[in-house]
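These notes concern the structure reproduced below.
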Amino acid sequence: MNHSRSWRARGLATVGISAALVLAACGGGGGGGQQGSSNQSAQAAFDAAYTSVVNPSDKKGGTLKFANPADWDSLDPGETYYGYAWNFARLYGRSLMMFKSAPGKEGNQLVPDLAEAPGQSSDGGKTWTYKLRKGVKFDDGTEVTSADVKYAVLRSIDKQTFPNGPTYWEAVLDLPSGYKGPYKSPNMNTDSAIETPDEYTIVFHTTNPFAAFEYLAQLPQTMPVPKDKDTGAKYRNSIVSTGPYKFADLQPGKGFNLVRNDQWDPATDPNRKALPDRFEVTVNVNADDIDNRLLSGDLDVDIATLGVQPAAQSRVLQDPNLKANADNPLTTRVQYTTINSTVPPLDNIECRKAIEYAMDRIAYQTAYGGEFAGGNLATTLLPPIIAGHTDFDLYPNGPDHKGDLDAAKKSLEACGQPNGFATNIAYRPERPKEKATAEAFQQALSRVGIKLTLKPYPAGDYFAQYCGLPPFVVKQKLGLCLMSWQSDWPDGFGYFSQIVDSRVIRETGGNTNLGVRIPEVDQMLDKALAELDTDKRNQIWGEIDKRVMEEAVIYPGVYARLLLLRSKNATNIFVSDAWGGYDYLGLGAQK
Amino acid sequence: MFAYIVRRLLWAVLLLIVLSMVTFSIFYLIPQLGGASPETLATRYVGRAATAETVHLTAERLGFFDPVPVQYWHWIKGVLVGAEYDYGAGVEHCPAPCLGYSFITKQPVWPELLDRAPVTISLVVGASLIWLVAGVTVGVISALRRGTVFDRGAMGVALAGVSLPIFFTGLVALAFFSYRLGITAPGGQFVPFSENPALWAYSLLLPWITLSFLFAAQYARLTRAGMLETMSEDYIRTARAKGLPERAVILKHALRGALTPVVTIFGLDVGLLLGGAVLTEKTFSLNGLGKYAYDGIVNNDLPKVLGVTLVAGFFVITANLIVDLLYGIIDPRVRLE
Numbered sequence: 000m001n002h003s004r005s006w007r008a009r010g011l012a013t014v015g016i017s018a019a020l021v022l023a024a025c026g027g028g029g030g031g032g033q034q035g036s037s038n039q040s041a042q043a044a045f046d047a048a049y050t051s052v053v054n055p056s057d058k059k060g061g062t063l064k065f066a067n068p069a070d071w072d073s074l075d076p077g078e079t080y081y082g083y084a085w086n087f088a089r090l091y092g093r094s095l096m097m098f099k100s101a102p103g104k105e106g107n108q109l110v111p112d113l114a115e116a117p118g119q120s121s122d123g124g125k126t127w128t129y130k131l132r133k134g135v136k137f138d139d140g141t142e143v144t145s146a147d148v149k150y151a152v153l154r155s156i157d158k159q160t161f162p163n164g165p166t167y168w169e170a171v172l173d174l175p176s177g178y179k180g181p182y183k184s185p186n187m188n189t190d191s192a193i194e195t196p197d198e199y200t201i202v203f204h205t206t207n208p209f210a211a212f213e214y215l216a217q218l219p220q221t222m223p224v225p226k227d228k229d230t231g232a233k234y235r236n237s238i239v240s241t242g243p244y245k246f247a248d249l250q251p252g253k254g255f256n257l258v259r260n261d262q263w264d265p266a267t268d269p270n271r272k273a274l275p276d277r278f279e280v281t282v283n284v285n286a287d288d289i290d291n292r293l294l295s296g297d298l299d300v301d302i303a304t305l306g307v308q309p310a311a312q313s314r315v316l317q318d319p320n321l322k323a324n325a326d327n328p329l330t331t332r333v334q335y336t337t338i339n340s341t342v343p344p345l346d347n348i349e350c351r352k353a354i355e356y357a358m359d360r361i362a363y364q365t366a367y368g369g370e371f372a373g374g375n376l377a378t379t380l381l382p383p384i385i386a387g388h389t390d391f392d393l394y395p396n397g398p399d400h401k402g403d404l405d406a407a408k409k410s411l412e413a414c415g416q417p418n419g420f421a422t423n424i425a426y427r428p429e430r431p432k433e434k435a436t437a438e439a440f441q442q443a444l445s446r447v448g449i450k451l452t453l454k455p456y457p458a459g460d461y462f463a464q465y466c467g468l469p470p471f472v473v474k475q476k477l478g479l480c481l482m483s484w485q486s487d488w489p490d491g492f493g494y495f496s497q498i499v500d501s502r503v504i505r506e507t508g509g510n511t512n513l514g515v516r517i518p519e520v521d522q523m524l525d526k527a528l529a530e531l532d533t534d535k536r537n538q539i540w541g542e543i544d545k546r547v548m549e550e551a552v553i554y555p556g557v558y559a560r561l562l563l564l565r566s567k568n569a570t571n572i573f574v575s576d577a578w579g580g581y582d583y584l585g586l587g588a589q590k
Numbered sequence: 000m001f002a003y004i005v006r007r008l009l010w011a012v013l014l015l016i017v018l019s020m021v022t023f024s025i026f027y028l029i030p031q032l033g034g035a036s037p038e039t040l041a042t043r044y045v046g047r048a049a050t051a052e053t054v055h056l057t058a059e060r061l062g063f064f065d066p067v068p069v070q071y072w073h074w075i076k077g078v079l080v081g082a083e084y085d086y087g088a089g090v091e092h093c094p095a096p097c098l099g100y101s102f103i104t105k106q107p108v109w110p111e112l113l114d115r116a117p118v119t120i121s122l123v124v125g126a127s128l129i130w131l132v133a134g135v136t137v138g139v140i141s142a143l144r145r146g147t148v149f150d151r152g153a154m155g156v157a158l159a160g161v162s163l164p165i166f167f168t169g170l171v172a173l174a175f176f177s178y179r180l181g182i183t184a185p186g187g188q189f190v191p192f193s194e195n196p197a198l199w200a201y202s203l204l205l206p207w208i209t210l211s212f213l214f215a216a217q218y219a220r221l222t223r224a225g226m227l228e229t230m231s232e233d234y235i236r237t238a239r240a241k242g243l244p245e246r247a248v249i250l251k252h253a254l255r256g257a258l259t260p261v262v263t264i265f266g267l268d269v270g271l272l273l274g275g276a277v278l279t280e281k282t283f284s285l286n287g288l289g290k291y292a293y294d295g296i297v298n299n300d301l302p303k304v305l306g307v308t309l310v311a312g313f314f315v316i317t318a319n320l321i322v323d324l325l326y327g328i329i330d331p332r333v334r335l336e
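Residue numbers (numbering that gives the first Met the number 0), protein chains in the order written: chain A, 0 to 590; chain B, 0 to 336.
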């Protein structure tokens, strides 16, 4: 891997570099990026990339350096389940549909990618047909057919081989009983789920109407996989590309490069500019070191899109020059707390309401880093970015948002606990912001006599053995569990399906729905999925939000914002609502 | 001597087996005591929206339904004769010593350990040489110039070195020397010695200095204390009375006596660090055994943790053996039997 190019040069030929810089300066910025045709340009200013393209350019060439503080769950499009990984996967793979590579809300639009046009729905939303573009090729030169897309979707169903990936397909498609994917059920006819009547047509059949199917069609799981090159769990290290870039020098656990895929034909792809020649990616890099490198210009992108670390936050926000080179987008993530109705006395709604009224909302925001690093005060579970969101506040907590203690005390009396009660609050100690939030709860609720005991549980097993394990929650009296959630895609189903549907709660643990059990909400979810009219469907998401809040089983904390640093070397920088961070597909490089 | 070494090696094998058993027990038995089922364990290795069936299949694939002794036997068998690994589209043979496959990345552990060992060895060898030379030299000079400005200054710096955590000194050093001045390599860089020795040294210079700063401080203090003690011994006075030059008295007699505890600590430190200089590798984003262990621990990735535990155990045991053998050379009073 050639990831040491710049420092080698710097370390061993400083004089030469200095001379080159002088020459470059004399050249008047000839290589510094020609101004592109985009009229969405923006001067470098705080949050400029949130609504427009910063440093627009159509210049091709150069290298972008990415670093990841952790590692991918899997580079295999059939198995990955990280938002940044889906954003990044579009560089080496093409799904049927994709989010438009555009700033802000425009980035939420679905556009055809491998497909020629959006899917055609029939049979009341149970059949979805896509026509594939002709001339799209794998990096080995063979043409992509509908059979490759079908194979890609079906292999992702094999959860013994790919346990990390989303589970939508097996839940939605009309698969034959007992089907376990192409490795274990190679001879089973799967036409009831996916048909490929010709090389360029693919037809999906769902068991129930699925109005949000276009979102499924944008999943990386629809990126084609050639059957003869599929190596199962090892495919993550030998991916066959269909995008403008392909893998080079992939070293698991360390990093990889993306280089141009000469089989990619721009004529088949209206969505990608493919400006840089190369991407150099290192993984498992110290997060603080990533910030330092971003600030110095040694690195271009923190790929995990988690925002700068606390050490760099104050530095960026206090220095006008650094701040002008930062963005602060609102994301689809909400930091919230589940109020468990299975833990007495919180089985009484009035006791839950007392918590809603008594909590200090400002303290919640402060615990997460304040307005810029933490986010906006939340009063709903559904974040503003997702269609269907409406502003409402069922539990107003005073003009200063520090709690309405009178309302809380009235609720406690109605609950039969006029002097308060004792319960526990669970959080992940590895996350200092959660610890600070738990302490804020403890302090705020003590004002009305609710005594909270802090219960830290390891993040790695938080869902498996603690807050996501219903019998444990009851046994340990975990009245409150801190939680953080981001949608799979900016749509009500992508957001709600795993956190408010009581039917996904497993007694064996591993739940992300930590305690929302409202049968009416389950029915509303089904109704929304069957609703083909987008506006009406979005309205139902809003109604679900309100219904959940009425039950007072969620305390919404903040609509999360991120503090992101813009690359000094990159061009075409913009934040897409779909990813809640920089759109990797649009980026170019100056050098 | 030969019998002594063989006996120590046999003990080493037994110790490694016990180590692996303890690690295995911590991973499986403690959660079981807390009521965890095989499915509960498996939920660590599935995606965030996994169904009950996915969790069950994962528990099955990882062998969690087998009794713990059976699982341990499968692992030991893999180490001795290799194992078969089902990767969905086929089955591959993992040759002995097969330390299993990562539960998360699905990569075989043994090749990854071999791949990462040179990074850690390079880091530790370079840093240990620096801290040994610097620490012992400063310690000797401080002892000989006790109470002077040099002594007080050196011990002050040593105290700072011991007190400052490496994730602080490392990040500050990176920010200043690599990103501001641009005179050292940024984090995450490693060039194998065989590829380019100059770049190898350049890429590791800052981690070496940072790590050795921590240890040199301890060695300076230890050497100083040892030297002060030996310099007051009767045999030093006798050596001087015999008319030996001061240089010979210090280097041949005093330092030799003062070095015994230093060598003991040095062996243990090097052994421990070879098993993984976790904080240094994490701070400088070096893909060595320490970072591998860290990733394994935070992800509950047992095969990774077991692999590094065995390697670390091997290095510590070997370093101890070497130190014991060196005693016989350094200290004439020691005889190995």
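Cβ coordinates follow ideal geometry from the N, Cα and C atoms, glycine included. These numbers come from a predicted model, not from an experiment.
D268(B): not part of any beta strand (DSSP E); member of the alpha helix (DSSP H) spanning L254 to L273, first to last residue. C-alpha of E52(B) to C-alpha of E38(B): approximately 10 Å in a straight line. Residues of chain B with a Cβ closer than 8 Å to the Cβ of L468(A) are, in chain order, T39.
Distance between L113(B) and F23(B), taken at the CA atoms: about 22 Å. Between the C-alpha atoms of F495(A) and G508(A) there is a straight-line separation of about 19 Å.
Per DSSP, the unbroken beta strand (DSSP E) holding F255(A) starts and ends at G254 to R259. Here C466(A) carries a coil assignment [DSSP, helix/strand/coil]. Per DSSP, A82(B) is one residue of the beta strand (DSSP E) stretching across A82 to D85.
Rounded to whole angstroms, the separation of the alpha carbons of R145(B) and P244(B) is 20 Å.
Less than 9 Å divides the Cβ of V557(A) from the Cβ of Q334(A).
Residue environment analysis places Y234(B) among the exposed positions, since fewer than 16 neighbouring C-beta atoms fall within 10 angstroms of its C-beta. Separation of G312(B) and E429(A) (C-alpha to C-alpha, rounded to the nearest whole angstrom) is 28 Å. Burial state of T330(A) is buried, judged by a 10 Å Cβ sphere holding 16 or more other Cβ atoms.
Within the same chain, Q464, Y465, L477 and G508 come within 8 Å of F471(A) by CB-CB distance, once the 5 residues on both sides are set aside. Beyond the five residues adjoining it in sequence on each side, R292(A) comes within less than 6 Å, by CB distance, of L298 in the same chain, given in chain order.
The alpha-carbon of V152(A) is positioned some 53 Å away from that of S127(B). Between A318(B) and L267(B) a beta carbon distance of about 7 Å is seen, short of the 8 Å cut, so the two are scored as contacting. At a cut-off of 9 Å between beta carbons, D297(A) contacts chain B. In terms of beta-carbon proximity, V342(A) stays away from the interface with chain B, with every pair separated by 9 Å or more.
Three or more beta-carbon pairs drawn from the region 435–450 of chain A and the region 358–370 of chain A are found closer than 8 Å, and the two stretches are therefore classed as touching.
Spatial neighbours of I539(A) in its own chain (CB-CB distance under 8 Å, excluding positions within 5 residues in sequence) are listed in chain order as G387, G491, M523, K526, A527 and E530.
For E83(B) and W74(B), the gap between their C-alpha atoms comes out near 11 Å. Sixteen is the threshold: since fewer than 16 other Cβ atoms of the shown chains lie within 10 Å of the Cβ of R502(A), the residue is exposed. At a cut-off of 9 Å between C-beta atoms, R516(A) does not count as an interface residue with respect to chain B. Among the CB atoms of chain B, one or more fall inside 9 Å of the CB of L294(A).
In the three-state scheme derived from DSSP, where H, G and I count as helix and E and B as strand, F98(A) is classed as strand.
For E355(A), the three-state secondary structure derived from DSSP is helix.
Contact between the region 2–12 of chain B and the region 31–48 of chain B is absent, with fewer than three C-beta pairs closer than 8 Å. Note on S575(A): 16 or more other CB atoms within 10 angstroms of its CB, so buried under the neighbour-count rule. In the structure shown, the three-state DSSP call for H204(A) is strand.
Less than 9 Å separates the beta-carbon of T200(A) from that of S145(A). Out of A215(B), A172(B) and A35(B), the CA that lies nearest to the CA of D287(A) is found in A172(B). Taking each of V322(B), A159(B), L254(B) and R246(B) in turn and checking the Cα distance to T209(B), the smallest one comes out for A159(B). As computed with DSSP, N423(A) is found in a beta bridge with T452(A).
Contact of Q119(A) with chain B is not assigned, every C-beta pair being separated by 9 Å or more. When the five nearest sequence neighbours on each side are left out, the beta carbons in the same chain lying within less than 7 Å of the beta carbon of V310(B) are those of L112, G274 and L288, in order along the chain.
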